[in-house]
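Report on the following structure.
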Amino acid sequence: MTTIKREDGITGGKLILTVVRRSLGERVVALTRAAGAKGGTVVPGRAKSDGRLERFLEIDDAPEDVILTLASDEDSRSIMEALGTHEERTVRHRQGFAVQLDVRRILKNGAMSRADGALRRIPEMENASGVLICVIVNRGCADDIIFAAREAGSGPGVILNGRGTASEKDVEFLGIPLFPEKEIVLILARPEQADPLLRTLGQNPCLTRPGGGIAFAVDAEKIISLGKIPG
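All the letters of the sequence shown, read from the start, carry residue numbers 124 to 354 under our numbering.
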């Protein structure tokens, strides 16, 4: 059981990250709300097809929705159970995935909550279902990162657009080029793949060049492969 230090009545909890095909985001939010979620944020993203023909024809981009749902420990169980009713184990019919991550601190309405102890151990994390690898790179590098990760045996991934915050003064001080437009790559992998995958990505030119980017891994408490979500 997660131990939480309460401040102003606010508790720590879980972040549930769900990736589905574009236009299904609202269905996921409706589903999670019915299961106890207070809301959700839908962010547009894109995935890369595994098909060689699609890559050859340059039509391998697949638009997707990424849903961020913050929930308490108690609500997260019912939310993941609701998502689990749409679990699809066959790759052919898979339409997305959901991953649950532990959140140690939550800032809400100006009040922060945090879990006791920086090195706390969570029972369900002892046998993590997988790892979520986040890679932030300059615009135009995400496809290369996805391809390199797949060559190394990773699971599905999704690409989000973003922008950096470096100023001209930062560039002058650090001596690195300014790349304001960024891409965020989220990749699922098995626990034993995390270190080899990060080492492989660390050799990619997109990450080795000055100001190229950064990658980090977070243990996932639970992962669900999703099938069709009615609505």
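All C-beta atoms in this analysis are idealised placements derived from N, C-alpha and C, irrespective of residue type, glycine included.
Being a predicted model, the structure only gives us computed values, none of them experimental.
Backbone secondary structure at residue i - three-state DSSP
i      : result
Thr282 : Note on residue identity: the sequence assigns Ile, not Thr, to residue 282. DSSP places Ile282 in strand when its eight states are reduced to three.
Ile259 : strand
Thr323 : helix
Gln223 : strand
Ser146 : coil
Ala340 : strand
Arg169 : strand
Thr208 : coil
Ile307 : strand
Ile190 : strand
Ser277 : coil
Ser355 : There is no way to answer for residue 355, as the model of the chain reaches only from 124 to 354.
Glu202 : As written in the sequence, residue 202 is Ile, which differs from the Glu given in the question. Here Ile202 sits in helix by DSSP.
Ile347 : strand
Ile268 : helix
Ala160 : coil
Asp239 : Residue placement at Asp239 is flagged as unreliable, the pLDDT there being 46, under the threshold of 50; the coordinate-derived value follows with that caveat. If DSSP states are grouped into helix, strand and coil, Asp239 belongs with coil.
Cβ-based burial, residue i [other Cβ within 10 Å; buried from 16]
i      : result
Glu210 : exposed
Asp225 : buried
Pro279 : buried
Ile337 : exposed
Glu274 : exposed
Gly148 : buried
Lys345 : buried
Phe179 : Bear in mind that the predicted position of Phe179 carries a pLDDT of just 47, short of 50, making it too unreliable to give a figure here.
Ala81  : For residue 81 there is no data in the structure shown, the boundaries of the chain being 124 and 354.
Asp198 : buried
Asp184 : exposed
Thr331 : exposed
Gly168 : buried
Cys264 : buried
Contacting residues, own chain, Cβ-Cβ under 6 Å from residue i (five flanking each side not counted)
i      : result
Ala241 : The predicted position of Ala241 is uncertain, since its pLDDT is 39 and thus under 50; a value taken from the coordinates is nonetheless stated next. Once the five neighbours on either side are set aside, Ala241 has no close Cβ partner at all.
Phe339 : Cys257
Thr359 : One cannot answer for residue 359 here, as it falls past the ends of the chain, which runs 124 to 354.
Ile194 : For the record, residue 194 in the displayed sequence is Ala; it is not Ile. Answer for Ala194: Gly136, Lys137, Ala160 and Ile202, listed in chain order.
Leu154 : Ala205
Thr141 : Val151, Ile190 and Ala221
Glu304 : Arg262 and Arg286
Closest by C-alpha distance to residue i, when choosing among the options
i      : options                           : result
Cys257 : Ala275, Phe270 and Glu306         : Glu306
Ala170 : Pro186, Ala221 and Asp198         : Pro186
Gly159 : Arg286, Val341, Leu206 and Gln316 : Leu206
Asp196 : Val281, Gly136 and Gly168         : Gly136
Val308 : Leu324, Ser201 and Gly253         : Leu324
Gly335 : Gly285, Arg322 and Arg262         : Arg262
Val341 : Asp318, Thr331 and Val143         : Asp318
Cys329 : Val260, Val142 and Thr141         : Val260
7 Å CB neighbourhood of residue i in its chain, flanking five on each side removed
i      : result
Val152 : Gly163, Val165 and Ile190
Asn327 : Asp267, Ile268 and Ala271
Ser348 : Glu210, Glu211, Arg212, Arg217 and Phe220
Ala343 : Val222, Gln223, Leu224, Ala251, Ser252, Gly253, Val254 and Leu255
Other residues of its chain near residue i: CB distance less than 8 Å, five sequence neighbours each side excluded
i      : result
Ser277 : Ile256, Ile310, Leu311, Ala312, Gln316 and Leu320
Lys351 : His209, Glu211, His216 and Gln218
Arg144 : Ala185, Pro186, Glu187, Asp188, Gln218 and Gly219
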